[in-house]
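What follows is one structure encoded as structure tokens, with my remarks underneath.
Number of protein chains: 2
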Amino acid sequence: MTHGGNLFEIQRQYGVDRNGLLDYSANINPLGVPNSLRKIMMEAMDDLVNYPDIHYTDLKNAIGEKYKVTVDNIYVGNGGVQVIFDFINAVKPEKSLVVYPTFVEYERALKAVGSEIKTYLLNEDNDFKLHIDELINEIDETLDMVVLCNPNNPTGTLIEREFFEKLLIKCQEKEVFLMVDEAFMDFVHEGEEKTLLTLSEKYEYLMVTRSFTKFYGIPGLRLGFGVCCHIKIKQKLTQLAIPWTVNTFASYFGKVLLTDQEYERKTLQWLREETPRFVNELEKTGLFKVYQPSVNYILMKLLPKNIEVNQLREKLIQEGVLIRDCSNFKGLSNRFIRIAIKDTGSNQQLLDAINKVIVGLDNSL
Amino acid sequence: MTHGGNLFEIQRQYGVDRNGLLDYSANINPLGVPNSLRKIMMEAMDDLVNYPDIHYTDLKNAIGEKYKVTVDNIYVGNGGVQVIFDFINAVKPEKSLVVYPTFVEYERALKAVGSEIKTYLLNEDNDFKLHIDELINEIDETLDMVVLCNPNNPTGTLIEREFFEKLLIKCQEKEVFLMVDEAFMDFVHEGEEKTLLTLSEKYEYLMVTRSFTKFYGIPGLRLGFGVCCHIKIKQKLTQLAIPWTVNTFASYFGKVLLTDQEYERKTLQWLREETPRFVNELEKTGLFKVYQPSVNYILMKLLPKNIEVNQLREKLIQEGVLIRDCSNFKGLSNRFIRIAIKDTGSNQQLLDAINKVIVGLDNSL
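If you read the protein sequences in the order shown, they are chains A and B.
Per numbering that gives the first Met the number 0, residue 0 is the first one in the first sequence, and the count goes up by one each step.
Per numbering that gives the first Met the number 0, residue 0 is the first one in the second sequence, and the count goes up by one each step.
Okay, here's the thing in structure tokens:
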């Protein structure tokens, strides 16, 4: 499977009820759909008879206020992934560079516009941390675009903002667009200081994309945005845009952004408390190398050589838990898995299931 | 304005409350959001925490059953307009022909892929009816794609299915894709006999697109589909597709399609009764040439030479009614307007507003 969170497919393939599955394969806030959003959706049901605002003015104003970016540079889309496709389509790079392992849709979007793709691999020996100077050395005038994810999916590593400045200056100099996908930045401790959003007016070759899917627990609603101040790209986006891509419910999401600080506070509190506890418990099993996360998911390497990741995954499905087998990420071997961080109770269920399954697999050998 | 139904823009521009406006500029079923859909959406709110089914299997099965098409040839999208863009992107025509006057997004989508566009103009002298033999004569191997809308928007004319067979054979022979947008076909009397959907397995160069927006009163939900059996196009669509384009609520729309015959019946009954009555009343004003509609909207030509369409439109906004000025449709002069057909009460309000405004405009001259 290309993506995590594919519960319908799991249900069809394994004959298990998708509602009974604990989904650790998608990195969604366990606090669920905000109540403030439910209220808005209830009120907006009658409004489905009207087309949404084709300019999404209220939504863009709210995003601008919340993230301190100029409204005129904001582009909204049907999920962060549509913004990624549309940004890449607007640039139409002939040659691009992608930092791997990472979210597979950058490569798909680049191939869709016929781009040649240069691979830059993060090194396992360096815990998949980026050497920014090494990346800068790879950038020359033959490139049109560089794509990376920060914090990176699936590794969970974060590049600090100070390291980006040199990279951005090089990109500006060589006229190479740098697209940084910050789909998980809302989860980062002091993320408002780490995001590149506020640099988007200083560097015209910078494109930043964001998603509301993960932090606000709404992958089913479809909403994301991006920012870019490059005038020609903005014109291109307007020219190529499919109308009414954001549905009515999602178009009112600005109200949640501006008013639901409680949801935000609770989410960050849960994550700050649960992450070290859960990481510690996972390490204590002795089964995994656990990569320290900056976000709400954890990359792990399965250590026992006699157990295969796909075996572990299949057995866990039988226990009602779905994890992400990372073998289809370019740059990761078939020893890696990714799991979400959920509430303490669920996380304990995952730990119990892992212990049970591993004992079974060990005994069967 | 490029499109009708742009209530948010009207509110910003004219300072009128959009909720107080009778919107005759968008062609939406006045029965509003089906109650069956409301129930589904209430139940699905918790499900927003999950990604929608990336393959939309249940939705496609329902569409296949309802419209009698092979599930494997169905493509679903975030509104009919996304299906149109994606079909055109999959064909990537170098040269195309569009039958005008028509919905403006075909031209935008064709320009987005860099297609040269040949214009085929329907003739006012022939009440904008298509001479199918004349169109067939225009088709040769230099073309890659022909796009037309049936029933046509904004003219409301319908091409009978028997006339398409010759056109389809010619397209097949010359390897030219024919995309027929049937966004309003559900409104047509015995539309299940007029649609080309069921021909989509016989002719591999045929692409048919549909929308649920208009008939089911849900432009805010975003859902449409298309069919095509051409293997390379289907592969291209899979390869280029942005994941999760249909949101969770829309992904459950299949249940409405298969169970809510009552909504369908009531809609068709209203339209059969109201159309002749409303057309008759409009003709009685003596102000318009009224083009006989096959659907839920009416093209009209304003007859008094001393009144401009944009004057009429602006005055009607002050009366709380929004009509569609058709002057931005290629092939229509600035004498044309399009109005939706609504319930009898609303239609009477429109007639009253027209009479009031026309008297005012006449006296001011």
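Note that CB positions come from ideal geometry on N, CA and C, so glycine has one too.
For clarity, every value in this text was computed on a predicted model and none was experimentally measured.
For residue j and residue i, believed in contact at Cβ under 8 angstroms, the rounded distance
i, j, result
"A:Arg-37", "B:Met-44", "6 angstroms"
"A:Asn-366", "B:Leu-220", "The structure shown does not extend to residue 366 of chain A, since chain A is modelled only from 0 to 364, so the question has no answer here."
"A:Pro-100", "A:Lys-329", "6 angstroms"
"A:Ala-339", "A:Glu-318", "Actually they are not in contact, since the Cβ atoms of A:Ala-339 and A:Glu-318 sit about 16 angstroms apart, beyond 8 angstroms."
"A:Glu-181", "A:Thr-194", "6 angstroms"
"B:Leu-257", "B:Lys-65", "6 angstroms"
"B:Cys-228", "B:Ser-199", "6 angstroms"
"B:Thr-212", "B:Glu-273", "Not a contact, Cβ separation roughly 20 angstroms."
"B:Tyr-296", "B:Arg-337", "6 angstroms"
"A:Tyr-23", "A:Leu-350", "Wrong, their Cβ atoms sit about 11 angstroms apart, outside the cutoff."
"A:Phe-176", "A:Asp-126", "Not a contact, Cβ separation roughly 28 angstroms."
"A:Thr-1", "A:Val-103", "6 angstroms"
"A:Lys-117", "A:Leu-96", "4 angstroms"
"A:Pro-150", "A:Phe-183", "5 angstroms"
"A:Thr-278", "A:Val-289", "It should be pointed out that residue 278 of chain A corresponds to Val in this sequence rather than to Thr. Sure, about 6 angstroms apart at Cβ, within 8 angstroms."
"B:Lys-314", "B:Leu-270", "Rounded, the Cβ-Cβ distance is 28 angstroms, inconsistent with contact."
"A:Met-178", "A:Phe-86", "6 angstroms"
"A:Ser-35", "A:Tyr-262", "7 angstroms"
"B:Tyr-50", "B:Leu-236", "Actually they do not touch by this definition, with Cβ atoms about 20 angstroms apart."
"B:Ile-53", "A:Asn-5", "6 angstroms"
"B:Leu-267", "B:Asn-88", "Not confirmed; about 34 angstroms, so no contact."
Beta-bridge partners of residue i, as assigned by DSSP
i, result
"A:Arg-323", "A:Arg-337"
"A:Ser-95", "A:Ile-116 and A:Met-144"
"A:Val-207", "A:Val-179 and A:Val-226"
"A:Ile-73", "A:Val-226"
"B:Asp-22", "B:Leu-321"
Chain-ordered neighbours of residue i on chain B, where CB pairs are closer than 7 angstroms
i, result
"A:Trp-269", "What A:Trp-269 touches in chain B: nothing, since even the nearest Cβ is about 15 angstroms away."
"A:Leu-6", "Asn-49"
"A:Asp-52", "Phe-7"
"A:Asn-246", "Gly-219, Leu-220, Arg-221 and Asn-246"
Chain B residues whose Cβ lies nearer than 8 angstroms to that of residue i
i, result
"A:His-277", "Before going further, note that residue 277 of chain A is Phe rather than His in the sequence given. Under the 8 angstroms cutoff, chain B gives no residues; its nearest Cβ is about 19 angstroms from A:Phe-277."
Interface partners of residue i on chain A, CB under 8 angstroms
i, result
"B:Glu-111", "Checking the sequence, you will find Ala at residue 111 of chain B rather than Glu. Here the neighbours are Gln-238 and Leu-239."
"B:His-2", "Tyr-50, Ile-53 and Pro-242"
Neighbouring residues, chain A, relative to residue i (Cβ below 9 angstroms)
i, result
"B:Leu-58", "Simply none; closest approach about 11 angstroms."
Proximal residues of chain B, C-beta to C-beta of residue i below 9 angstroms
i, result
"A:Glu-261", "Chain B residues near A:Glu-261: none, gap ~18 angstroms exceeds 9 angstroms."
"A:Glu-104", "Ile-241 and Pro-242"
Given a limit of 8 angstroms on CB to CB distance, which residues of the stretch 286–307 of chain B reach chain A? none
Contiguous beta strand (DSSP E) assignments of at least 3 residues, all confined to the stretch 260–331 of chain B: 287–289 and 296–301
Residues within the stretch 23–45 of chain A neighbouring chain B, beta-carbon criterion of under 7 angstroms: Flagged, chain order: Ala-25, Ile-27, Gly-31, Val-32, Arg-37, Met-40, Met-44 and Asp-45.
Going along the stretch 76–98 of chain A in order, which residues come within less than 8 angstroms of chain B, judged by CB to CB distance? Asn-77, Gly-78, Val-80, Gln-81 and Phe-84
If contact means a Cβ-Cβ distance below 9 angstroms, which residues of the stretch 207–221 of chain B contact chain A? Thr-212, Gly-216, Ile-217, Pro-218, Gly-219, Leu-220 and Arg-221
Identify every run of the alpha helix (DSSP H) within the stretch 11–60 of chain B, keeping only runs that are complete inside it and at least 4 residues long; order them along the chain. 34–43
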